[in-house]
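Chemist:
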Amino acid sequence: MDVIVDLGSGPCGPGGRTLADLVMEWERETGAAAAVLVADDATGRARMGDRTVELWTAVQILQWLTRTDVGRHPARPLLLLRANTGPMVARHVAVDDATGRIDLDDSAESAEPDGRGRSTTLGDLATILVAAVLPRAVAPDDYGREKPRAPQEAMPWNIYDPRILEYAAPPGLPVEVLWRQLFDQTMTPWMCLLNADALEDVTRIPYRQSLAPPQLLEAVRTVLRAGGGFIDGKSRPAALSLGVDTGRGGHVVSALFSYDGRVGFIDPWGGRSLLCEENNTLGIKAARDHDITHPGYWTITEEEFLRVARFAMVPSFAWARANGIEQHVGLADALRAFGTTTAELPPEPFREDATLRGFTITGRTGDAQLRCITDSSGLVRWTDLRLSTRLLSPSHSVDGGLLVANLLEAFTPPADRTEMHPLSQALAITSAAAAATGPTPAAADAGRRTLAEGAPHLTGMLANGFDAILGSSPGALVPLFLTSLIVSRESAEDLVVVELLTGFGRLEPQRWRLPPRAEAAR
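As structure tokens, this is what we get:
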């Protein structure tokens, strides 16, 4: 709930000026529109005359001010501080990356006669911070907007419900919302490893494990040492999101490697990591790693990890790799299982370590196109089947439905095949019923019964995919642990696209157009 108070009527700055006075003076001096962050124990909004300002904790305000984009703006943030001798105003100058100390310039106005500029730590400055005025251009994107403040229990129970993202209002966000954000960025589910001693609500996350701190450390160490922090074990970082406690609140860093009893990570905040000694109250002493393999990253000891780690989000492919789960299929085996004669198009480089391959499938009633991205080992990372809507229309759904069913059976990784099988079976049964009795509603009903019986825990998601494939809905997303099935329609080209993503991150290969549609066989 918003906290509505009047911050502009009482004197709080040097010379008896109000905060509203200081903000207007700063805007006149800098020519920039102001955003005002007021230090408070709670987060919310406050009213200052005709302005709406944000209430953040002092540490969260100072964390935001250490961001690179804030430091680069020509209008320096103004800080209203509570000094021993009275209120004082200082300009936030910079953060010393070597020491973590925050440099201030209080030479313009100070209640202390010897104040000509000083430096201090984030923790010390947080104890005397009253408010910060900074350029609106570098304030949070949703500064001043309405934000949901309902309890986490009020969120939709389906984590794939888009309304979940409405609870991502900074500062802070629930772990479940972070999981959903990671899913949206990669189109791949993540495994949530939760510290059993942490009080986090993760019941909406479909893939999760609760581990004692030593087990959590061992799991993260195993994943990282198996190359889990990188897509191919050597390139393209795909870091684990590690939730940590600073003693002043929660924070998320990106863990990348583990060796010699230390865990290495990147901290998204500018300047010194929030796990450096001066920025936390738990005695954690993060240090720079100057090893030539990982220059410039921060590290903490494994003993410190045990004290601060709250959860770890592990990409599903990394979890599979670390646990010996087969996560991809070979192209040759998949094409053999697909069981349809294809004419291969010339392969083209997609990335340094991957190749885009295309195949034209000439069917009895029209053409389709199969496209795959394979890595250097010949394993399929991504595939899609592009069909003319004609092949999935009621009069020709036998051909289209069987093609999609064969695709799902052939290209779904073994770990997800059991959960995907009811959908491919439903499509095959629908096609068989349509072949026997014609494309009637009863044929589709037979497929839906198969879904309900074969995967009751996935019926809703699989039914969405089923309806989208047969044209009852414009699109669908069916996320399994290692595979995301995406169904969409391209009206301009009159196509239905059935996409299987079995790697990390949504891939965007170049668009190959289907060849001219073949005439139906007489």
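Residues in the sequence shown are numbered from 746 upward in steps of one, following the numbering used here.
Just so you know, even glycine gets a beta-carbon here, dropped at the ideal spot from N, CA and C.
Note that the structure is predicted; figures quoted are calculated from it, not measured.
Give the DSSP-derived three-state secondary structure of Ser1061 in the structure shown.
Modeler: Reduced to three states, the DSSP call for Ser1061 is helix.
Chemist: Assuming contact is defined by CB atoms lying nearer than 9 Å, are Pro822 and Ala784 in contact in what I supplied?
Modeler: For Pro822 and Ala784, no; Cβs fall outside 9 Å.
Chemist: Secondary structure at Arg796, three-state DSSP: helix, strand or coil?
Modeler: Strand.
Chemist: Can you grab the Cα-Cα spacing for the pair Leu1230 / Gly1220, in whole Å?
Modeler: Rounded to the nearest angstrom, the two C-alpha atoms are 10 Å apart.
Chemist: Can you name the residues that DSSP bridges to Leu1020?
Modeler: None; Leu1020 has no bridge partner.
Chemist: Between the alpha carbons of Trp1064 and Pro1158, how many angstroms are there, rounded?
Modeler: Between Trp1064 and Pro1158, the C-alpha separation is close to 14 Å.
Chemist: For Ala1173, collect the residues of the same chain with a Cβ closer than 6 Å to its Cβ; drop the 5 residues on either side in sequence, then sort them by chain order.
Modeler: Closer than 6 Å at the Cβ level, and outside the excluded window around Ala1173, lie Ala1150.
Chemist: Quick check: what's the CA-CA separation for Arg1007 versus Val838?
Modeler: Whole-angstrom Cα-Cα distance: 33 Å.
Chemist: In the DSSP assignment, what are the bridge partners of Ser1176?
Modeler: Paired residue(s): none; Ser1176 is not in a bridge.
Chemist: Who are the Cβ neighbours of Leu1148 in its own chain at under 8 Å, not counting the five residues just before and after it?
Modeler: So the qualifying residues of the chain are Thr1085, Ile1106, Gly1108, Ala1113, Leu1130, Leu1132, Leu1136.
Chemist: When burial is assigned at 16 or more other CB atoms within 10 Å of the CB, is Gly868 buried or exposed?
Modeler: Flag for Gly868 reads buried.
Chemist: What are the residues that DSSP puts in a beta bridge with Glu1244?
Modeler: Bridge partners of Glu1244: Asp1129, Ile1231.
Chemist: How would you label Asp906, buried or exposed, when you count the other beta carbons within 10 angstroms and need 16 or more for buried?
Modeler: Burial call: exposed.
Chemist: Compare the Cα-Cα distances from Arg827 to each of Val875, Phe1062, Ser1018 and report the closest residue.
Modeler: Answer by Cα proximity: Val875.
Chemist: The beta strand (DSSP E) spanning Ala780 covers which residue range?
Modeler: Residues 779-784.
Chemist: Please work out which residues of its chain come closer than 8 Å, Cβ to Cβ, to Ala1077, disregarding the five sequence neighbours upstream and downstream, and give them in chain order.
Modeler: Counting only Cβ-Cβ distances below 8 Å, and skipping sequence neighbours, we find Gly1123.
Chemist: From Pro880 to Leu962, what distance separates their C-alpha atoms?
Modeler: Rounded to the nearest angstrom, the two C-alpha atoms are 41 Å apart.
Chemist: Does the distance from the C-beta atom of Ala1000 to that of Leu969 stay below 9 Å?
Modeler: Yes.
Chemist: On the three-state DSSP scale, how would you describe Gly1220?
Modeler: The answer is coil: DSSP assigns Gly1220 none of H, G, I, E or B.
Chemist: Does the Cβ of Trp902 have 16 or more other Cβ atoms within 10 Å, making it buried, or fewer, making it exposed?
Modeler: Counting Cβ neighbours within 10 Å, Trp902 comes out exposed, since fewer than 16 surround it.
Chemist: What separation, rounded to the nearest whole angstrom, lies between the Cα atoms of Ser1169 and Gly1009?
Modeler: Approximately 43 Å, taken between the alpha carbons.
Chemist: Hey, could you find the ends of the alpha helix (DSSP H) Leu810 is sitting in?
Modeler: That run of the alpha helix (DSSP H) goes 803-810.
Chemist: What whole-angstrom Cβ distance do Ala1178 and Leu1215 have, given they're in contact under 8 Å?
Modeler: With 8 Å as the limit, Ala1178 and Leu1215 do not qualify as a contact, their Cβ atoms being about 12 Å apart.
Chemist: Pick helix, strand or coil for Arg949, following the three-state DSSP scheme.
Modeler: Of the three classes helix, strand and coil, the one that applies to Arg949 here is coil, per DSSP.
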